[in-house]
Amino acid sequence: MLLYDTLSLENREIRVVRFCAPEGACTDSNNLIFTRASLGDHPSYHALSYVWGDPTPAATIKVNGQCLPIGQNLQAALLQLRKDPAISWFWVDAICIKQENQDERNQQTAQMRDIFAQASSVHIWLGPASENSHLVMDMAKRIGTDALEAGVLDLWNDWMSKDSRVDRDPKDAQDDKALQLLAELLTDTSFHSPVLLKAISALLSRPNWFRSWIIQEIALPPSGVILCGDQNVPLDSFDAAITAIYFCKVGGFPRKMPQWRNFGAGLHNNDFHLRGLIARREHRRGQDLSLGEFLVSEMRSAPNRPFYAATDPRDIIFGVLGIAADTVSLHLRPDYSKTTPQVYTEATRAMIDQGTHYRLEYCTFPKDTPDLPSWVPDWRRVGLNGVEINPMSYRDLFRSSGDRSQPKESRVCDSSDRVLRRRGCLVDTVKSVFQIGAFEGRKETLSGSLISEKLRSWALKSIVDFSTPFLKPPATEIRLWRTMVIDWMGISRCSSEFDVLSALAFHLDAVLAGSITSKQMEYILHNTYPYPLRPGPDSNVDKQALVDSFCDRIIGQAASQSRKRTLFVTQGGRFGLGPESIERDDEVTIIFGTQVPIILRPCEQQHRFLGDAYVDGIMDGEATNASSEIDFEIR
Numbered sequence: 001m002l003l004y005d006t007l008s009l010e011n012r013e014i015r016v017v018r019f020c021a022p023e024g025a026c027t028d029s030n031n032l033i034f035t036r037a038s039l040g041d042h043p044s045y046h047a048l049s050y051v052w053g054d055p056t057p058a059a060t061i062k063v064n065g066q067c068l069p070i071g072q073n074l075q076a077a078l079l080q081l082r083k084d085p086a087i088s089w090f091w092v093d094a095i096c097i098k099q100e101n102q103d104e105r106n107q108q109t110a111q112m113r114d115i116f117a118q119a120s121s122v123h124i125w126l127g128p129a130s131e132n133s134h135l136v137m138d139m140a141k142r143i144g145t146d147a148l149e150a151g152v153l154d155l156w157n158d159w160m161s162k163d164s165r166v167d168r169d170p171k172d173a174q175d176d177k178a179l180q181l182l183a184e185l186l187t188d189t190s191f192h193s194p195v196l197l198k199a200i201s202a203l204l205s206r207p208n209w210f211r212s213w214i215i216q217e218i219a220l221p222p223s224g225v226i227l228c229g230d231q232n233v234p235l236d237s238f239d240a241a242i243t244a245i246y247f248c249k250v251g252g253f254p255r256k257m258p259q260w261r262n263f264g265a266g267l268h269n270n271d272f273h274l275r276g277l278i279a280r281r282e283h284r285r286g287q288d289l290s291l292g293e294f295l296v297s298e299m300r301s302a303p304n305r306p307f308y309a310a311t312d313p314r315d316i317i318f319g320v321l322g323i324a325a326d327t328v329s330l331h332l333r334p335d336y337s338k339t340t341p342q343v344y345t346e347a348t349r350a351m352i353d354q355g356t357h358y359r360l361e362y363c364t365f366p367k368d369t370p371d372l373p374s375w376v377p378d379w380r381r382v383g384l385n386g387v388e389i390n391p392m393s394y395r396d397l398f399r400s401s402g403d404r405s406q407p408k409e410s411r412v413c414d415s416s417d418r419v420l421r422r423r424g425c426l427v428d429t430v431k432s433v434f435q436i437g438a439f440e441g442r443k444e445t446l447s448g449s450l451i452s453e454k455l456r457s458w459a460l461k462s463i464v465d466f467s468t469p470f471l472k473p474p475a476t477e478i479r480l481w482r483t484m485v486i487d488w489m490g491i492s493r494c495s496s497e498f499d500v501l502s503a504l505a506f507h508l509d510a511v512l513a514g515s516i517t518s519k520q521m522e523y524i525l526h527n528t529y530p531y532p533l534r535p536g537p538d539s540n541v542d543k544q545a546l547v548d549s550f551c552d553r554i555i556g557q558a559a560s561q562s563r564k565r566t567l568f569v570t571q572g573g574r575f576g577l578g579p580e581s582i583e584r585d586d587e588v589t590i591i592f593g594t595q596v597p598i599i600l601r602p603c604e605q606q607h608r609f610l611g612d613a614y615v616d617g618i619m620d621g622e623a624t625n626a627s628s629e630i631d632f633e634i635r
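Each residue of the sequence shown is one higher than the one before, counting from 1 in the UniProt record's numbering.
This is the structure we're talking about:
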């Protein structure tokens with residue numbers, strides 16, 4: 001008799017499993033029975049969320065009397081589930097899906113959203129107790145329920161607004177239960193214990209939190225339980241406890257009291273950035289993110305741990321489809337018959353065509369997955385490392401395309417086609433590329449040289465030497481320095497005040513505070529953190545120190561923007577900052593719908609995508625009406 005019979009796709013069938021009844025002969029976690037159920041009938045069951053870990057079978061269980069090998073982590077999870085008398089039927093992927101049947105795997109994966117959304121609760125197995133995890137679970141039990149009842153999770157609703165509750169003065173928080181709870185925690189001496197703080201960081205760094213699948217597994221069920229070793233805590237209580245600690249660390253509310261400022265010292269803010277818990281909060285507010293927002297929402301390098309990961313790299317995409325708000329409109333479904341490059345290409349094309357939260361210029365290099373088209377990101381690497389080079393458009397400053405968008409006919413193609421067809425215009429070509437060279441026999445980078453006090457003077461002289469032959473209108477030195485900072489300083493685009501200050505700063509000339517005009521000082525204050533800096537009338541601000549710091553920050557901004565980028569000049573005399581791989585004769589283009597210029601390399605009647613760029617003089621739509629339209633084929 002076969003263990004797995006065929007599930008009905010039409011009836012949306014799944015398998016659910018339970019342990020053998022205690023009164024029977026089977027009383028351990030290694031003996032189970034399962035049955036089929038239709039999601040349309042709304043069956044009662046729980047769901048298990050866990051990390052597969054090492055796929056090598058470590059144990060054998062019996063399901064309906066037949067042997068089934070499972071991994072070590074699942075065996076440990078089953079031991080804990082067996083202890084919960086409230087659990088009858090439950091769903092677990094490794095048992096309830098016939099993994100070697102590709103059609104069934106596709107079918108069941110496509111139903112994952114409904115499987116977790118309809119589960120009575122999700123049991124999230126973090127693994128055995130270790131690194132003092134019991135201290136964290138005890139803490140979550142102790143404060144989690146009170147934090148949840150006080151409404152601590154509601155603090156996320158206005159966290160990023162100017163009137164955030166956690167930025168209130170403590171004197172004005174007497175009627176706010178959530179803030180009162182934070183005030184109590186801030187006086188809790190246990191949160192000054194290095195042992196507890198290290199344990200919190202360790203538990204929040206377990207691989208469960210970074211699995212692509214866990215986003216929907218945590219976000220969708222109505223309730224849940226965190227399991228670690230022999231302990232358990234309700235999911236929302238755990239979230240409320242972690243949220244309370246986070247706001248005690250970062251909120252303006254505690255920072256207004258000097259005695260509270262060292263709360264949780266040693267914990268990093270990134271420890272609390274758990275995509276699954278974030279998605280659960282957003283889902284409950286009706287704010288599900290798009291696929292593109294899930295994949296690139298961070299727009300930064302990963303903080304010494306992944307943003308998301310999966311054993312099967314295709315699951316980077318498939319694992320998010322169940323929770324992404326635009327899955328239906330993107331026309332994407334899990335299909336394990338497709339290769340990783342096919343999955344990444346189809347998902348990227350769909351997001352580009354929809355054009356809401358993902359744009360062509362977000363594709364960065366290098367890539368680890370072979371055989372990807374040049375315009376398709378390596379989503380596995382993005383999950384592990386984050387966005388390694390910030391797109392020029394990430395601050396939403398520029399409008400190189402003006403009001404031009406892609407015509408519909410340019411989007412018509414086979415979704416599996418590796419060629420991206422896009423309408424745009426060829427603006428210029430690269431004439432010369434700056435190479436920083438070597439210093440004392442050691443090869444340097446432009447960004448690193450600008451940061452180094454030892455190399456800064458040499459680096460700036462090298463830039464001037466490179467640019468001098470091209471310093472004629474429109475490529476004046478002012479335009480060069482604006483290019484080096486991509487026309488951005490502090491919280492605003494560069495102005496004439498910046499031009500005066502940068503000319504001195506980049507030549508390392510002393511800038512005396514007494515020589516600064518009132519408008520220049522106003523510009524410095526406006527673009528100095530906290531933005532804007534507003535010293536009071538009785539403030540003893542050291543103006544010279546302020547000016548010196550701002551000039552250093554101009555160089556620092558150039559160093560930051562030139563990281564993994566290259567300075568170049570075009571045939572038309574424009575300075576630009578573009579991809580590291582840029583070469584002479586590469587093309588500066590505007591692809592309609594993008595916010596910044598795109599560098600393409602001609603290749604046998606088609607083009608390769610190299611990356612985005614800042615190019616002086618064409619960042620605000622100036623080139624779209626002055627150049628002829630072209631249909632680019634990017635492969």
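Where a beta carbon is used, it is the ideal one built from N, C-alpha and C, also for glycine.
Member of Arg261, Gly127, Gly229, Ala310 whose CA lies at the smallest distance from the CA of Ile215: Taking the sequence shown and counting its residues from 1, the one referred to as residue 215 is at position 215. Residue Ala310 is the option with its Cα nearest to Ile215.
What would DSSP say about Glu23, mapped onto helix, strand or coil? Here residue 23 refers to the residue found at position 23 when the sequence shown is read from its first residue. Note that Glu23 has pLDDT 45, beneath the 50 cutoff, so the model's placement of it is unreliable and the number below is only indicative. Of the three classes helix, strand and coil, the one that applies to Glu23 here is coil, per DSSP.
With DSSP as the reference, label Phe263 as helix, strand or coil. Position 263 of the sequence shown holds residue 263. Reduced to three states, the DSSP call for Phe263 is coil.
State yes or no: is the C-beta of Ala59 within less than 7 Å of the C-beta of Gln75? Position 59 of the sequence shown, counted from the first residue, corresponds to residue 59. Position 75 of the sequence shown, counted from the first residue, corresponds to residue 75. Their beta carbons are under 7 Å apart, which means Ala59 touches Gln75 by this criterion.
Can you find the residues in the same chain that come closer than 6 Å, C-beta to C-beta, to Arg314, ignoring five residues on each side of it along the sequence? Translated into the one-based positions of the sequence shown, residue 314 becomes position 314. The residues are Thr340, Val343.
Here's the rule: buried if 16 or more other CB atoms are within 10 angstroms of the residue's CB, otherwise exposed. What is Ala324? Position 324 of the sequence shown, counting from 1, holds the residue named residue 324. By the neighbour-count criterion, in which a residue is buried when 16 or more other Cβ atoms sit within 10 angstroms of its Cβ, Ala324 is buried.
Which class does Phe609 belong to by DSSP, given the choice of helix, strand or coil? Against the sequence shown, residue 609 aligns to sequence position 609. Strand at Phe609.
Can you confirm whether the region 584-599 touches the region 512-521 when touching is taken to mean that 3 or more C-beta pairs between the two stretches lie within less than 8 Å? Too few Cβ pairs lie closer than 8 Å, so no.
Which of the three DSSP states, helix, strand or coil, is assigned to Val63? Residue numbering aside, residue 63 sits at position 63 when the sequence shown is read from its first letter. Three-state DSSP puts Val63 in a strand.
State buried or exposed for Gly127, treating a residue as buried only when at least 16 other CB atoms are found within 10 Å of its CB. One-based indexing of the sequence shown puts residue 127 at position 127. By the beta-carbon neighbour count (other beta carbons within 10 angstroms, threshold 16), Gly127 is buried.
If you scan the region 281-311 from start to end, which runs of the alpha helix (DSSP H) of 4 or more residues do you find wholly inside it? Taking only runs of at least 4 residues, the alpha helix (DSSP H) segments lying wholly in the region 281-311 are 291-296.
So what does DSSP say about Lys461, is it helix, strand or coil? Working through the sequence shown from its first residue, we reach residue 461 at position 461. The three-state reading of DSSP puts Lys461 in helix, counting H, G and I together.
Using a Cβ-Cβ cutoff of less than 8 Å, which residues in the same chain neighbour Val541 once the five nearest sequence positions on both sides are dropped? For the purposes of this step, residue 541 is identified with residue 541 of the sequence shown, where counting begins at 1. Pro535, listed in sequence order.
For the alpha helix (DSSP H) containing Cys551, name the first residue and the last one. Residue 551 sits at position 551 when you count from the first residue of the sequence shown. From DSSP, the alpha helix (DSSP H) with Cys551 extends over 543-561.
Beta strand (DSSP E) segment containing Ile316, residue limits: Here residue 316 refers to the residue found at position 316 when the sequence shown is read from its first residue. Note, Ile316: premise wrong, no beta strand (DSSP E); alpha helix (DSSP H) at 315-321.
Determine the extent of the beta strand (DSSP E) in which Thr340 is found, giving its start and end residues. Taking the first residue of the sequence shown as 1, we reach residue 340 at position 340. Per DSSP, Thr340 lies in no beta strand (DSSP E); the unbroken alpha helix (DSSP H) holding it starts and ends at 340-354.
Could you give the first and the last residue of the continuous alpha helix (DSSP H) run that contains Gly53? The residue labelled residue 53 in the question sits at position 53 within the sequence shown. Run containing Gly53: none; DSSP gives neither H nor E here.
Spatial distance of Ile87 from His46 (CA atoms): Numbered from its first residue, the sequence shown carries residue 87 at position 87. Numbered from its first residue, the sequence shown carries residue 46 at position 46. Using only the alpha carbons, I get a separation of about 7 Å.
Name the two residues that bound the continuous alpha helix (DSSP H) containing Lys141. Here residue 141 refers to the residue found at position 141 when the sequence shown is read from its first residue. Counting along the chain, the alpha helix (DSSP H) containing Lys141 begins and ends at 133-149.
DSSP state of Tyr362 mapped onto helix, strand, coil: To locate residue 362, count along the sequence shown from 1; it is residue 362. Helix at Tyr362.
Under the three-state DSSP convention, the category His192 falls into: Translated into the one-based positions of the sequence shown, residue 192 becomes position 192. Here DSSP, grouped into helix, strand and coil, assigns His192 to helix.
Verify whether the separation of the beta carbon atoms of Val427 and Ser581 is less than 7 Å. Within the sequence shown, residue 427 is the residue found at index 427, counting from 1. Within the sequence shown, residue 581 is the residue found at index 581, counting from 1. In this structure, Val427 sits away from Ser581, with a CB-CB distance that is not shorter than 7 Å.
Sorted by chain position, which residues of the same chain lie with C-beta nearer than 6 Å to Arg479's C-beta, five sequence neighbours on each side aside? Residue numbering aside, residue 479 sits at position 479 when the sequence shown is read from its first letter. Excluding sequence neighbours, Arg479 sits near Phe575, Asp616.
For Thr345 versus Pro373, is the C-beta distance shorter than 7 Å? As a working note, residue 345 is residue 345 in the sequence shown. As a working note, residue 373 is residue 373 in the sequence shown. Against a cut-off of 7 Å, the Cβ pair of Pro373 and Thr345 comes out as a contact.
Helix, strand or coil: how does DSSP classify His123 here? As a position in the sequence shown, residue 123 is number 123, starting the count at 1. Strand at His123.
Which same chain residues, not among the five before or five after Phe116, have their C-beta less than 7 Å away from its C-beta? Counting from one through the sequence shown, the residue named residue 116 turns up at place 116. Around Phe116: Ala47, Val122, Gln216, Glu217, Leu220, Pro221.
Cβ atoms of Asn270 and Pro303: under 7 Å apart, would you say? Against the sequence shown, residue 303 aligns to sequence position 303. Against the sequence shown, residue 270 aligns to sequence position 270. Their beta carbons are under 7 Å apart, which means Pro303 touches Asn270 by this criterion.
Please tell me whether Ala150 and Lys177 are closer than 7 Å, where the distance is taken between their beta carbons. As a first step, residue 150 is located in the sequence shown; it is residue number 150 there, counting from the start. As a first step, residue 177 is located in the sequence shown; it is residue number 177 there, counting from the start. Yes. Within cutoff.
Residue nearest to Gly573 in terms of C-alpha spacing, selected from Val485, Gln102, Ser467: In the sequence shown, counting from the first residue as 1, residue 573 sits at position 573. Among Val485, Gln102, Ser467, the Cα nearest to that of Gly573 belongs to Ser467.
With which residues is Phe247 paired in a DSSP beta bridge? Working through the sequence shown from its first residue, we reach residue 247 at position 247. DSSP lists no partner for Phe247.
By a C-beta neighbour count over all protein chains shown, 10 Å radius and 16 as the cutoff for buried, is Lys472 buried or exposed? Counting from one through the sequence shown, the residue named residue 472 turns up at place 472. Exposure of Lys472 is indicated by the presence of fewer than 16 other C-beta atoms within 10 angstroms of its C-beta.
Between which two residues does the beta strand (DSSP E) containing Ser515 stretch? Reading the sequence shown from its first residue, position 515 is the one you call residue 515. From DSSP, Ser515 is part of no beta strand (DSSP E); its letter is neither H nor E.
Cβ-Cβ distance between Leu197 and Leu267 below 7 Å: As a first step, residue 197 is located in the sequence shown; it is residue number 197 there, counting from the start. As a first step, residue 267 is located in the sequence shown; it is residue number 267 there, counting from the start. Result yes, Cβ atoms of Leu197 and Leu267 sit closer than 7 Å.
Excluding the five sequence neighbours on either side, which residues of its own chain have a C-beta within less than 7 Å of the C-beta of Arg423, listed in chain order? For the purposes of this step, residue 423 is taken as residue 423 along the sequence shown, with counting starting at 1. The beta carbon of Arg423 sits closer than 7 Å to those of Gln406, Pro407, Ser410, Phe592, Glu629, Asp631, all from its chain and outside the five residues before and after it, given in chain order.
Are the CB atoms of Val296 and Tyr362 nearer to each other than 7 Å? Locating residue 296 in the sequence shown gives position 296, where the first residue counts as 1. Locating residue 362 in the sequence shown gives position 362, where the first residue counts as 1. With a cutoff of 7 Å on beta-carbon distance, Val296 and Tyr362 are scored as near each other.
Neighbour-count burial assignment, Pro258, 16 or more Cβ in a 10 Å radius: Sequence index remark: in the sequence shown, residue 258 carries index 258 (1-based). With fewer than 16 other beta carbons inside 10 angstroms of its own, Pro258 counts as exposed.
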